[in-house]
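Single-structure report; data block below.
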Amino acid sequence: VLSDNDVTRIGTTSLLQVQYELILEELCSSSCEDQTNTTTMYENVTSYMNTKIEIGDFTSILQSNAEQCGDGCDEIQNATVYGVRFCTPNVAVVGVSTSEPSQTPTPKPSQTPTPKPSQTPTP
Numbered sequence: 100v101l102s103d104n105d106v107t108r109i110g111t112t113s114l115l116q117v118q119y120e121l122i123l124e125e126l127c128s129s130s131c132e133d134q135t136n137t138t139t140m141y142e143n144v145t146s147y148m149n150t151k152i153e154i155g156d157f158t159s160i161l162q163s164n165a166e167q168c169g170d171g172c173d174e175i176q177n178a179t180v181y182g183v184r185f186c187t188p189n190v191a192v193v194g195v196s197t198s199e200p201s202q203t204p205t206p207k208p209s210q211t212p213t214p215k216p217s218q219t220p221t222p
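Each residue of the sequence shown is one higher than the last, beginning at 100 in this note's numbering.
The following block contains the structure:
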């Protein structure tokens, strides 16, 4: 639900600032610290989003989603995305030891299964 503080009106046009939080995760191939300094994932994602906004694809997808949403999304069915601003990424390195298996291996099934006792109750 939007309040009047969330919307700026210029004539008959309403401007709304929308904030997204993107959480990007990338597995380390060798040294996580080295990979943090050399990864291009953030740049790739933000460049892709900028391109989609510049050529109008982001607006088209937004309008299509709003149309499928139905009556609850009437306000954004005619929305247009004009620009985007990305903040400086917050990088967190989370290490997971891979020297030990995360699960105990499943034993190989027997070639000749052991018969189970009858499930029929005795009178």
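We treat Cβ as the ideally placed atom computed from N, Cα and C, and that holds for glycine. Note that the structure is predicted; figures quoted are calculated from it, not measured.
Residues of its chain near residue i, where Cβ-Cβ distance is below 8 Å and the 5 sequence neighbours each way are ignored
i	result
LEU161	ILE175, ALA178 and VAL180
ASN149	VAL183
GLU132	VAL192
Own chain partners of residue i with C-beta closer than 7 Å, once the 5 adjacent residues on each side are dropped
i	result
PHE185	THR145
Distance between residue j and residue i (C-alpha atoms, nearest Å)
i	j	result
CYS115	ALA165	Going by the sequence as given, residue 115 is Leu instead of Cys. Computed Cα separation, rounded: 15 Å.
CYS168	SER130	44 Å
SER163	MET140	27 Å
ILE122	GLY110	36 Å
VAL100	GLY171	Residue placement at VAL100 is flagged as unreliable, the pLDDT there being 45, under the threshold of 50; a coordinate-derived value is accordingly withheld.
THR138	LYS151	22 Å
CYS127	ASN136	12 Å
Host alpha helix (DSSP H) of residue i (start-end)
i	result
TYR147	140-153
ALA178	Neither: ALA178 is in no alpha helix (DSSP H) and is coded neither H nor E.
ASN164	156-168
THR135	131-137
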